[in-house]
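When we follow the working numbering, the leftmost residue of the sequence shown carries the number 81, and every step to the right adds one. Note that CB positions come from ideal geometry on N, CA and C, so glycine has one too. Worksheet: the structure to be examined is printed underneath.
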Amino acid sequence: MSTTIANQASVRMPANLIARIAGVFYVLNIITGLYSYFGPRSRLTLYTGMVSAAAYVTITVLFYVLFKPVNRKLSLLAAAISMAGSTVGVLTMLQRMPFKIDILDFFAFYCLLIGYLIARSTFLPRFLGALMALAGMGYLAYLWPPLAKALYPYDILPGLIGETTLTVWLVIRGVNEQRWQEQAAAGRG
């Protein structure tokens, strides 16, 4: 009986609210991430880097929930890649990473997967998926550091454009709740 009561009492958060919260955390991530990356090396830089990483972990969890109706396995894979990248980022900031790897190596694949999930979704415009895929392709340059160095800053411009556009869209417009519900229902059937 207590299980029935718990199931009836549980309230699902609307997808539009999840999207907007993810957008707000994306804003926090972008601001703190830019400061921690470009700011002067200090204790404040370390703290903003940690806030940026925590915000990205939150985004990852919210995106997993948001894109699970599109493709559960790919959404989970994207979340795992993002969590790995966030872990590497924190270990690098704390100077505990045993080898050198750029976190953009992870986020290249994360952005590609999120771009694909957006494109396959019915609740977000496809152009956002294309922009996120372009972001991922720009970050792929970091798999080969000499290429990333040669292309800098042009290799990060697609990421800045794609991730910022998605962020603004999520904060202002969110998602089409009805289409999200329909896609979630179709995935259960």
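query	result
What residue from ILE161, MET93, TRP260 has the CA that sits closest to PHE26's CA?	Residue 26 lies beyond the stretch modelled for the chain, which goes from 81 to 269, so this question has no answer here.
From PHE233 to PRO149, what does the alpha carbon distance come to, in whole angstroms?	With the sequence shown as reference, residue 233 is identified as Pro, and Phe is not the correct amino acid for it. Between PRO233 and PRO149, the C-alpha separation is close to 35 angstroms.
Which ranges does the alpha helix (DSSP H) cover as unbroken runs of at least 4 residues, wholly within the segment 125-169, from first to last along the chain?	none
Shortest alpha-carbon distance to THR247 belongs to which of ALA102, PRO94, ARG92, ILE98?	ALA102
Are there three or more Cβ pairs, one per stretch, closer than 8 angstroms when the segment 191-208 is compared with the segment 164-177?	no
I'd like to know if the segment 105-118 and the segment 129-141 are in contact, where contact means that at least 3 CB-CB pairs between them fall below 8 angstroms.	yes
Roughly how many angstroms lie between the CA atoms of ALA265 and ARG259, to the nearest whole one?	10 angstroms
Mapping the DSSP letters down to three states, classify MET177 as helix, strand or coil.	coil
Decide if the segment 221-233 is in contact with the segment 202-212; the criterion is three or more beta carbon pairs, one per stretch, under 8 angstroms apart.	no
At which residue ranges does the segment 186-245 contain complete alpha helix (DSSP H) runs of 4 or more residues, listed in the order of the chain?	206-219, 225-231
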